[in-house]
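Protein chains in written order, with my numbering: chain H, 1 to 414; chain D, 415 to 828.
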């Protein structure tokens, strides 16, 4: 079929996809290919010797959490001996913010695209500051990780089962009417998730444990993000692998390279050096401390959220910088590189117009307009953590490489 | 002092006021003047023979709830014999949405303006549709009222005590960044209230009762409104009675008349016939079924919320009608009749400009621009309930009468 029909089919599949949080399970029991010493990470595949600092830091923490090593030094030695089996989360229905590390003993959200029977997986959100996904691994990180996996996750699992699933797509649609862009502003969606979970948490858990869990999820602010990311991946994966489609199905960064996937070229990555981030820094940090762009969270932009929805989330500029006018203009610019408008995700102050949806690599290359990404900023060294938040773009090179490869699949040679 | 200084003082007091939900108590134990057969109602004072249908309906329900009567017929007879002591809620630190009925056995929110040591009171929100405040009084209304007063209220009280109060002013400020205008759209503020209450509800209540309460508050959608209204009254009352001030401290409607109070003229009401409402009707109802404007909830507009904040709440138009552009223009117009901009209540998509704050009767009379009010629509007959929601205005006559009276207090005669 022609490109237009292929893109229509791709976007129809993504658009009618669902995203329901159905379970919390151990990664080893559900994430495909997850075996002993397996470490999945954000972005396109990358080896230890090429990895950025925060990803190395997160892996150090993860190996200690798993009990594979007892110290950062042992962890580095283990990795250098080649004993860890690295791969990209995206290659295994996984998705991870920032370093995005998933190892076998971590509890993961199980999110179902019921329409297309796709299950996707993401770890639990740890909060801001000194956290594993930003490369921190000190005692506080290890303790929180143990509590989240040992106590919070089973409680959430029981509540989710009792609720017979939490409809994340509905939460996203509602939160877009409530000032969230669902990537760096999750205040409404997090509250809606809590309101959906609470009646069940109360029923399944001891009062003191429920209180602790409730305070953590509320205080973490962005807890809902990881399950929303899994939801976005499940929807976009439903649109993957359609011959002739030029729609982007993933944007992901490993802190060294940014990679994109395109429906018509399947699981192949098209990469370019990861860019720096323009942002707002926490006190005591600045641009020289920052790692380049990192994490799978740009899946939200790929799905019509994040910067693509920030016209309706003016308050996000208090976190990532800029002005409400800038937020508005950013979203408006994204309509120039997308194929259509989302049927379910609407922007109230654009008269309920659907968010720009379906990044078309042809439009990116033609116009030179790059997909904007709202994102957190990790310190470039392992062991430190989050130091700010801001904005960046997916590099043009990803899209031009993808377009060349796409043309070849269509029998066109340069 | 001159008008300018008086208005500055008035707005300083209102602006620096707090609003903390500190308790739930029986009206007879806390609301000033609340004795046997006492019935406080919304708007300026009105007698039984002048009352509108939904207010009569709510009073019928309240007398049965109190056990003063056993049937609607007995209730009407009781009222006609003059055995009920009617007065305006506003005259007793009370405030009530729509009919606004408060009787001695009803549980009320206790909201403190800690800065000025003012306590205000409002009943608990019942939901939409067939509810007491809209004049319904059938068996389902009576049962819900009994459950709210007997089971929900004590549970909330214990949770509020354990939380050491809930900061409503903070919830309002946050919700304005989340698409609420706090009068007809309370989705974010209601969720924030729940998130603040939950950890304590879990700790103080039996699991099944907490679950029922949580589902009710979440499902009611606007549960937070009544305590926010009490908060607004507590703030505005702090600005009342300042000689020389032309700032409006209350707008309230009894369904027959709209009344306003002005700081410089104290507790005096300036009234005019209550206008009709332009609105969106529930299926099966239309303008001919509608009662004129009713309720104390315009206290939100008086405090810089409601229509005065709807520029930041575009999604409210799905409930009350109009377009996001209309919502934006409405708020912008209100800047022309207000003295200043709010220091704490900000509109994100107006670049975090403070909401229009401090309605100045001189500006209303000079410009002819009337304060817009977002409101619910009650059926004009007793016993039916809510039939829609929409927009109306406070009549010019209230403001011109007030200005004449104000001039007289300043030694100026017409």
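Beta carbons are placed, not taken as given, at the ideal position from N, Cα and C, and that holds for glycine.
| Query | Result |
| --- | --- |
| Anticipated Cβ contact below 8 angstroms, residue 359/H with residue 176/H, distance rounded | Going by Cβ atoms, the distance from residue 359/H to residue 176/H rounds to 18 angstroms, so no, they are not a contact pair. |
| Closer than 8 angstroms at the beta carbon, the chain H residues around residue 593/D | 177, 178, 179, 188, 348 |
| Residue 369/H versus residue 718/D: straight-line alpha-carbon distance, rounded | 41 angstroms |
| Range of the contiguous beta strand (DSSP E) that encloses residue 345/H | 338-347 |
| Chain-order list of residues whose beta-carbon lies under 7 angstroms from that of residue 226/H (same chain, five-residue window excluded) | 97, 109, 122, 123, 124, 125 |
| Contact between the segment 271-289 of chain H and the segment 67-82 of chain H (3+ Cβ pairs under 8 angstroms) | no |
| Within 8 angstroms, strictly: CB atoms of residue 779/D and residue 785/D | no |
| From 256/H, 334/H, 239/H, 1/H, residue whose alpha carbon lies closest to that of residue 12/H | 239/H |
| Reduced DSSP category for residue 709/D - H, G, I as helix; E, B as strand; rest coil | strand |
| Straight-line Cα distance separating residue 20/H from residue 167/H | 5 angstroms |
| Proximity test, Cβ basis, 8 angstroms: residue 191/H and chain D | yes |
| Interface flag, residue 155/H vs chain D, CB-CB below 8 angstroms | no |
| Within-8 angstroms CB hit, residue 788/D to chain H | no |
| Where residue 394/H meets chain C, residues with beta-carbon distance less than 8 angstroms | Any reference to chain C falls outside this structure, whose protein chains are H and D. |
| Anticipated Cβ contact below 8 angstroms, residue 689/D with residue 714/D, distance rounded | 18 angstroms between Cβ atoms; not a contact. |
| Extent of the continuous alpha helix (DSSP H) run through residue 54/H | 53-66 |
| Proximal residues, the segment 335-365 of chain H versus chain D, C-beta separation under 7 angstroms | 348, 349, 351 |
| Beta-ladder partner(s) of residue 24/H, from DSSP | 109/H |
| Assigned secondary structure, residue 668/D (DSSP; H/G/I helix, E/B strand, else coil) | strand |
| Per DSSP, the bridge partner or partners of residue 582/D | According to DSSP, residue 582/D bridges with nothing at all. |
| Cβ distance (whole Å) where residue 135/H is taken to contact residue 384/H below 8 angstroms | 6 angstroms |
| Residues of the segment 202-235 of chain H whose Cβ lies closer than 7 angstroms to any Cβ of chain D, in chain order | 202, 203, 207, 210, 211, 214, 215, 218 |
| Sheet register partners of residue 94/H (DSSP bridge) | 121/H |
| Start and end residues, alpha helix (DSSP H) containing residue 325/H | 324-334 |
| Counterpart residues of residue 453/D in DSSP-defined beta bridges | 500/D |
| Whole-Å CB distance - residue 518/D paired with residue 450/D, under 8 angstroms assumed | 7 angstroms |
| Assigned exposure category for residue 386/H - 16 Cβ within 10 Å defines buried | buried |
| Reference residue 692/D; option with closest CA among 446/D, 804/D, 587/D | 804/D |
| C-beta neighbour in chain H for residue 745/D, strict 8 angstroms | no |
| Short Cβ contact (8 angstroms threshold) for residue 197/H with residue 163/H | yes |
| Contacting positions in the segment 24-43 of chain H - beta carbon closer than 9 angstroms to chain D | none |
| Exposed unless 16 or more other CB atoms sit within 10 angstroms - verdict on residue 215/H | exposed |
| Terminal residues of the beta strand (DSSP E) in which residue 359/H lies | 353-359 |
| Separation of residue 622/D from residue 567/D, as counted between CA atoms | 15 angstroms |
| Residues that residue 323/H contacts on chain D, provided the C-beta gap is smaller than 7 angstroms | 765 |
| Residue 134/H - DSSP class collapsed to helix/strand/coil | helix |
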